[in-house]
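Asks: Below is the structure I would like to discuss, written out as structure tokens.
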Amino acid sequence: MTAFDADGLPDVVLLQIFRLLKFSDLCKVGRVCRRWYGLSRSQALWTCVDASAPEISSVQMDRLASVLTDSVRWLYVSSFLHCGLFLSPGALRDLRAHCPYLSTLVIKSALLTTLDDFAPVTVGDLPPTLKTLSLRHSFFQVDQFFSLLAIRNLSILDLSFCWCVSDQDIPFVTQLPNLRELYLEYCEDIRDTGVALVEGVSETPMKISDEISIKIQSSQICHNPHPCFKSSILPKHPPKSPDQATSKGSSKLIHM
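This note's numbering puts the first residue of the sequence shown at 119, with every later residue one more than the last.
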């Protein structure tokens, strides 16, 4: 059997192959050689970043935020509620600085507050370009998290499975000037009063994607038509391996 020579493939072909990989695997192929590292960091592969499986810690989130590029439009991360504050000031600064065009941010099962009287994270700390924000299964103080309405473009907000949200929190959410869709699936403390508050904000009857809409049903808000990449994080610097893929480097990749 003839040995396969990956070095014979042009960059455009390797990019197409890398495009099919999960995010964790994309990070691994960058360790094979300098050429593969450079290709794995191509902005074309970093439009949609799905680092939700497995879950990541706040330290890993810091590292991820530090290597993101301005090509990222969609970011999906998942954490553990018991692991402490998920978004550090450094991670928030990096998100705003490195992702100036981020339009969709999905944060799942994250602790976004502390026991102090002030909220360390508010919606104003997130990139101002956000149009879709999902905080499913997360915990935060609604009145403080939405105290700064800096994200004026936010039109879709998903607070499903957030048991911290109640009827009295609805006014803080509906202050968002361009909010068009609000998801409150399995928010057990949202009752008829909360629904009435949402309906009362709209001057016309509720219409999907027209005036502010509330959906209490089983549905996902973020459907991405493009393949997304999952987990792990690329090193900040190229590996010290050769410029070309070697048999040693390839065998190392197989055992990762």
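Idealized CB from N, CA, C, for every residue including glycine. The model shown is predicted, which means the values in this text are computed figures rather than measured ones.
Along the beta strand (DSSP E) that carries Ile274, what are the first and last residues, could you check?
Replies: Segment Ile274 to Asp276, the beta strand (DSSP E) holding Ile274.
Asks: Identify, in the order they occur along the chain, each residue of the same chain with its Cβ nearer than 6 Å to the Cβ of Lys226, setting aside the five sequence neighbours on each side.
Replies: Closer than 6 Å at the Cβ level, and outside the excluded window around Lys226, lie Ser196, Arg254 and His255.
Asks: Here's a check: name, in chain order, each residue in its chain whose Cβ is nearer than 8 Å to the Cβ of Leu203, leaving out the five neighbours to either side.
Replies: Taken in chain order, the residues that qualify are Ser176, Leu229, Leu230, Thr231, Thr232, Pro238 and Val239.
Asks: Since I believe Leu182 is in contact with Ile174 (beta carbons under 8 Å), could you give me their beta-carbon distance rounded to a whole number of angstroms?
Replies: Indeed they touch by this definition, with Cβ atoms about 7 Å apart.
Asks: Give the secondary structure of Glu299 by DSSP, where H, G and I count as helix, E and B as strand, and everything else as coil.
Replies: Glu299: strand per DSSP, three-state reduction.
Asks: Among all the DSSP beta bridges, which residues are the ones paired with Leu67?
Replies: Residue 67 lies beyond the residue range present for the chain, which begins at 119 and ends at 374; the question has no answer from this structure.
Asks: Got a sec? Which residues, its chain only, sit under 8 Å from Pro128 by beta carbon, not counting five neighbours each side?
Replies: Nothing meets the Cβ criterion.
Asks: Please return the same chain residues whose Cβ sits closer than 7 Å to the Cβ of Leu92, not counting the five positions on each side in sequence.
Replies: The structure shown has nothing for residue 92, since the chain only spans 119 to 374.
Asks: Do the CB positions of Cys217 and Val190 come within less than 7 Å of each other?
Replies: Taking 7 Å as the Cβ cut-off, Cys217 and Val190 qualify as a contacting pair.
Asks: Thinking just about the alpha-carbon of each residue, which of Asp168, Asp143, Ala171 and Gln262 is nearest to the one in Ser158?
Replies: Comparing Cα-Cα distances from Ser158 to each of Asp168, Asp143, Ala171 and Gln262, the minimum goes to Asp143.
Asks: Have a look at the DSSP bridge pairing and note the partners of Ser252.
Replies: For Ser252, which the question treats as bridged, DSSP gives the partners Val224 and Asp276.
Asks: Just to confirm the assignment, what range does the beta strand (DSSP E) spanning Val195 have?
Replies: Unbroken beta strand (DSSP E) run through Val195: Trp192 to Ser196.
Asks: By how many angstroms is the C-alpha of Leu251 removed from the C-alpha of Trp281?
Replies: Taking the straight line from one Cα to the other gives about 17 Å.
Asks: Taking the alpha carbon of Ala314 as the reference point, which residue from Val147, Asp285, Phe136 and Asp243 has its own alpha carbon closest?
Replies: Closest by alpha carbon: Asp285.
Asks: Along the chain, where does the beta strand (DSSP E) that runs through Asp168 open and close?
Replies: Start and end: Cys166 to Ala169.
Asks: Grab me the residues of Phe198's own chain with a C-beta within less than 7 Å of its C-beta, minus the 5 sequence neighbours each way, in chain order.
Replies: Result list for Phe198: Glu173 and Ser227, in chain order.
Asks: Run the CB neighbour count on Ile135, radius 10 Å, all protein chains shown included, and call it buried at 16 or more, exposed below.
Replies: Its Cβ having fewer than 16 others within 10 Å, Ile135 is exposed.
Asks: Starting from Val131, trace the alpha helix (DSSP H) in both directions and tell me its first and last residue.
Replies: Start and end: Asp129 to Phe136.
Asks: Of the choices Val283, Phe279, Thr247 and Ser278, whose alpha-carbon is the least far from that of Phe263?
Replies: When each option's Cα is compared against that of Phe263, the closest is Val283.
Asks: DSSP beta-bridge partners for Asp307?
Replies: Asp307 is bridged to Ser284.
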